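Counting from 349, one number per residue, gives the positions in the sequence shown under our numbering. Working notes for the structure below.
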Amino acid sequence: MALSELPPPIDESGDAGAELPLLRTPPPGAMSKAWIARLQTVDAPWTTARRERRAAFTGLDESPIVLTSAKGCNVADLDGNRYVDFVACFGAALLGHGSTRVARSLEMQSERLVFGLGDVFPSDSKIALTERLARLFPEPGARVMLGLSGADAIDAAMKTALLATGRPGIVAFEGGYHGLATGPLAMNGLRPEYRLPFGAHLSSHVRFVPYPKAADTLEQTLTIVDDLAQKGEIGAIVVEPILGRGGVYVPPAGFLAGLREIATRTGALLVADEIWTGLGRSGAILRSVEDGVVPDVVCLGKGLGGGLPMSACIGKGAVMEAWRSPKGVAPELAEAGLHGEAIHTATHFGNPLACATSIAVLDTIFGQKLHLRAREEGEAFVAMLREACGPETKVREIRGQGLMVGIEVEGGAQRGLGLARDLLMTGWLVLTGGRGDVLTLTPPLTIPRALLTAFTERFAQLAAMRAL
Ligand SMILES: Cc1ncc(COP(=O)(O)O)c(C=O)c1O
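What follows is the structure in structure tokens.
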């Protein structure tokens, strides 16, 4: 089938993007199945292999749907089914799908300048975005490095820490996720399967510490971090202010402040990975700053580009000076590397299109105060879910901040994955996190209350019905 034969885009009439699910055929329908069969013949086999393993584990048909259009909180598949999107591109679709403002800025920029020349001849849009991002940092004088993915931003932060401290050691957290490029992969605490096949290429300087999931584990965590940092080899403590993929754990009060104190005292950098929590998702522009802590480096990504690839590593001015005068690098190497070659760049870093859409995203978030909306709606959503999910639903805990909500269920991954599938089959898109036992809900920050209510009702019904 050719692209021209695809179904028309999702209906934009009526209550565009805020409608309840509408299933014309049980998902995945025949069209989705046919297109997935085509993909399987050309895609690297890891997606298929993962699906097969998952199906063997859950005993369910794990075939995916194929997305073809979207508007607001609604997504449509090739079979004409309409879903409500509680995944929102892994939390990235902050403004929802098809933001007119983002589309306009993309159109205008594409008429002016599409290709940049990154570090050689920057575009005006790159300069404008970099200024905006520097101003997000809570102290004046911050400096910015742009990237394409979250992993790029983390990579830049890891390099910054090495240049600024001369120390290769990194404290990372169990359950943590920072992207899968070779640098950040070394800090993947989510599951050993991510790291093991590539172990030979990964930094051996990462030390994992338990993420404090409850108040009574905070002291223990801080003591371990302190012991490691006091040995003087730790250059960076890299932390998610809320553990995202690890299962949406909000740490106890004092966690980030404790890490800040240790980092300051031992000369390590505190790197806040706000790729998921930032830009309003967790109810704040920067969760760490909202919690009263100024990190040395902040990483942003996901929703920043409004669907175009864009990420940023933003650091204190004094810390980022290391890119001019690094510590622990022999002067002749520093001279060759830092004054001769662009030692941290890529063809599309600072791409003008993504810079323009990023500015539109920032304008929209601030203009519509979406971070505050996410905070209020998130609180209401969590309260509704807690109220609706009685013991019959086998829900263990509902937690989160802003529109970053986790529902932990009893029965492990069997039940979690089963519920995610039940929801798909009734028109609601969700993913699981943690060990498969946490439904992770990250809808657009614009989601209407009526859809949060409808989801709550549907989820409570399904959860009460599911045996395992
Ligand atoms: C906290 C966090 N950091 C980094 C990343 C990696 O971002 P990307 O997938 O864009 O490389 C993710 C992705 O989910 C994330 O959740």
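Glycine included, every Cβ here is placed at the ideal spot set by N, Cα and C. In this text, all values refer to a predicted model and were calculated from it rather than measured experimentally.
Practice problem: Would you kindly work out how many angstroms separate the C-alpha atoms of A670 and P375, rounded to a whole number? | Solution: By one-based count along the sequence shown, residue 670 stands at place 322. By one-based count along the sequence shown, residue 375 stands at place 27. Going from the Cα of A670 to the Cα of P375 covers about 53 angstroms.
Quiz item: Based on Cα-Cα distance, which residue from A364, G365, R372 and A366 lies nearest to T774?
Solution: To locate residue 774, count along the sequence shown from 1; it is residue 426. Measuring from the Cα of T774, the nearest candidate turns out to be R372.
Quiz item: Whose C-beta lies closer than 6 angstroms to the C-beta of Y431 among residues of the same chain, with five residues either side of it excluded?
Solution: Taking the first residue of the sequence shown as position 1, residue 431 is located at position 83. Contacts found: P369, V423, G775 and L777.
Quiz item: For F469, which residues of its own chain have a beta-carbon under 8 angstroms away from its beta-carbon, when the five flanking residues on both sides are left out?
Solution: In the sequence shown, residue 469 corresponds to position 121, counting from 1. Once the five neighbours on either side are set aside, F469 has no close Cβ partner at all.
Practice problem: List the DSSP bridge partners of W776. | Solution: Here residue 776 refers to the residue found at position 428 when the sequence shown is read from its first residue. Under DSSP, W776 forms a beta bridge with V432.
Exercise. May I ask you to report which of helix, strand or coil DSSP gives G651?
Key: For this step, residue 651 is matched to residue 303 along the sequence shown. G651 falls in the helix class under three-state DSSP.
Practice problem: Work out the CA separation of P657 and L496 for me, nearest whole Å. | Solution: Taking the sequence shown and counting its residues from 1, the one referred to as residue 496 is at position 148. Taking the sequence shown and counting its residues from 1, the one referred to as residue 657 is at position 309. Going from the Cα of L496 to the Cα of P657 covers about 5 angstroms.
Quiz item: Would you call the region 577-588 and the region 608-628 in contact, with 3 or more CB pairs under 8 angstroms?
Solution: Touching, yes, given that three or more Cβ pairs across the two stretches are closer than 8 angstroms.
Self-check item: Complete runs of the alpha helix (DSSP H) confined to the region 730-801 [at least 4 residues]
Solution: Fully contained in the region 730-801 are the following alpha helix (DSSP H) runs of length 4 or more, in chain order: 760-773.
Quiz prompt | Beta-carbon proximity list for G580, same chain, < 6 angstroms, skipping 5 on both sides | solution = Mapped onto the sequence shown, residue 580 falls at position 232. Closer than 6 angstroms at the Cβ level, and outside the excluded window around G580, lies no residue.
Self-check item: Best match in G759, A722 and A382 for proximity to D427 [C-alpha to C-alpha]
Solution: Within the sequence shown, numbered from 1, the residue matching residue 427 stands at position 79. Considering only alpha carbons, the answer is A382.
Quiz item: What separation, rounded to the nearest whole angstrom, lies between the Cα atoms of H445 and G628?
Solution: Taking the first residue of the sequence shown as position 1, residue 445 is located at position 97. Taking the first residue of the sequence shown as position 1, residue 628 is located at position 280. Distance between the alpha carbons of H445 and G628 is about 16 angstroms.
Practice problem: In angstroms with no decimal places, state the Cα-to-Cα distance between L779 and L387. | Solution: As a working note, residue 779 is residue 431 in the sequence shown. As a working note, residue 387 is residue 39 in the sequence shown. Looking at the two C-alpha atoms, the distance is approximately 21 angstroms.
Quiz item: Relative to the alpha-carbon of L799, which residue among R783, G726 and D770 has its alpha-carbon at the smallest distance?
Solution: The residue labelled residue 799 in the question sits at position 451 within the sequence shown. It is G726 whose Cα lies nearest to the Cα of L799.
Quiz prompt | Which residues DSSP lists as bridging D621, in chain order | solution = On the sequence shown, residue 621 is found 273 positions in, with the first residue counted as 1. D621 pairs with C647.
Quiz prompt | According to DSSP, residues forming a beta bridge with A660 | solution = For the purposes of this step, residue 660 is taken as residue 312 along the sequence shown, with counting starting at 1. L494 and L648.
Quiz item: Does the Cβ of S497 lie closer than 7 angstroms to at least one heavy atom of ligand 1?
Solution: Counted from its first residue, the sequence shown places residue 497 at position 149. It does: the Cβ of S497 is within 7 angstroms (strictly closer) of some heavy atom of ligand 1.
Quiz prompt | C-beta atoms of L604 and D639 nearer than 8 angstroms | solution = By one-based count along the sequence shown, residue 604 stands at place 256. By one-based count along the sequence shown, residue 639 stands at place 291. In this structure, D639 lies closer than 8 angstroms to L604 by Cβ.
Quiz prompt | Cα-Cα separation, L465 to I662 | solution = Start at 1 with the first residue of the sequence shown, and residue 465 comes out as number 117. Start at 1 with the first residue of the sequence shown, and residue 662 comes out as number 314. Roughly 21 angstroms separates the two Cα atoms.
Quiz prompt | Top-ranked residue by Cα proximity to C737, from N699, T788 and E805 | solution = Taking the sequence shown and counting its residues from 1, one reaches residue 737 at position 389. That would be E805, whose Cα lies nearest to the Cα of C737.
Quiz prompt | Neighbour-count burial assignment, M456, 16 or more Cβ in a 10 Å radius | solution = Here residue 456 corresponds to residue number 108 of the sequence shown, with the count starting at 1. Exposed.
Quiz item: Is Y542 helix, strand or coil when you go by DSSP?
Solution: By 1-based counting over the sequence shown, the position of residue 542 is 194. Helix at Y542.
Practice problem: Let me know if E541 comes out buried or exposed under the rule of 16 or more other beta-carbons within 10 Å of its beta-carbon. | Solution: Here residue 541 refers to the residue found at position 193 when the sequence shown is read from its first residue. With fewer than 16 other Cβ atoms within 10 Å, it is exposed.
Quiz item: With respect to 7 angstroms, is the separation between the Cβ of F438 and the closest non-hydrogen atom of ligand 1 below this value?
Solution: As a first step, residue 438 is located in the sequence shown; it is residue number 90 there, counting from the start. F438: yes, Cβ under 7 angstroms from ligand 1.
Exercise. Put I585 into one of helix, strand or coil per three-state DSSP.
Key: For the purposes of this step, residue 585 is identified with residue 237 of the sequence shown, where counting begins at 1. The answer is strand: DSSP assigns I585 an E or B state.
Exercise. Please name the residue in R515, G760 and V450 whose C-alpha comes closest to that of V677.
Key: As a first step, residue 677 is located in the sequence shown; it is residue number 329 there, counting from the start. With distances taken between CA atoms, V677 lies nearest to R515 out of R515, G760 and V450.
Quiz prompt | Bridge partners - D425, DSSP secondary structure assignment | solution = Position 77 of the sequence shown, counted from the first residue, corresponds to residue 425. BP columns for D425 point to L415.
Quiz item: Excluding five sequence neighbours on each side, which residues of the same chain lie with their C-beta closer than 7 angstroms to the C-beta of G362?
Solution: The sequence position of residue 362 within the sequence shown is 14, counting from 1. Since pLDDT at G362 reaches only 49, below the 50 mark, its modelled position is unreliable, and the value read off the structure follows with that caveat. The answer is none, since no qualifying residue turns up.
Quiz item: Within this structure, are the beta carbons of A815 and V743 separated by less than 8 angstroms?
Solution: Mapped onto the sequence shown, residue 815 falls at position 467. Mapped onto the sequence shown, residue 743 falls at position 395. Contact check for A815 against V743 fails: the beta carbons are separated by 8 angstroms or more.
Quiz item: Looking only at DSSP bridge pairs, what is Y597 linked to?
Solution: Your numbering for residue 597 matches position 249 in the sequence shown. According to DSSP, which records beta bridges pairwise, Y597 is partnered with L591.
Quiz item: Just the Cα atoms here: how many angstroms apart are C647 and R398?
Solution: Here residue 647 refers to the residue found at position 299 when the sequence shown is read from its first residue. Here residue 398 refers to the residue found at position 50 when the sequence shown is read from its first residue. Rounded to the nearest angstrom, the two C-alpha atoms are 29 angstroms apart.
Exercise. My understanding is that A616 touches A577, with C-beta atoms under 8 angstroms, so please give their C-beta distance in whole angstroms.
Key: Stepping through the sequence shown from its first residue, residue 616 is reached at position 268. Stepping through the sequence shown from its first residue, residue 577 is reached at position 229. With a Cβ gap of about 6 angstroms, A616 and A577 count as contacting.
Practice problem: Keeping to the same chain, check which residues put their C-beta closer than 7 angstroms to that of L767; ignore five residues upstream and five downstream. | Solution: The sequence position of residue 767 within the sequence shown is 419, counting from 1. Same-chain partners within the cutoff: V757, L787, L810, A811 and R814.
Quiz item: CA-CA distance, E360 and P393?
Solution: The residue you call residue 360 lines up with position 12 of the sequence shown. The residue you call residue 393 lines up with position 45 of the sequence shown. For E360, the pLDDT reaches just 47, beneath the cut-off of 50, and the residue's location in the model is therefore unreliable, leaving the point undetermined.
Self-check item: Through-space distance from D467 to T693, alpha-carbon basis
Solution: For this step, residue 693 is matched to residue 345 along the sequence shown. For this step, residue 467 is matched to residue 119 along the sequence shown. C-alpha of T693 to C-alpha of D467: approximately 7 angstroms in a straight line.
Quiz item: DSSP three-state call for V450: helix, strand or coil?
Solution: What you label residue 450 is simply residue 102 of the sequence shown in a count that begins at 1. Looking at V450 - three-state DSSP - the assignment turns out to be helix.
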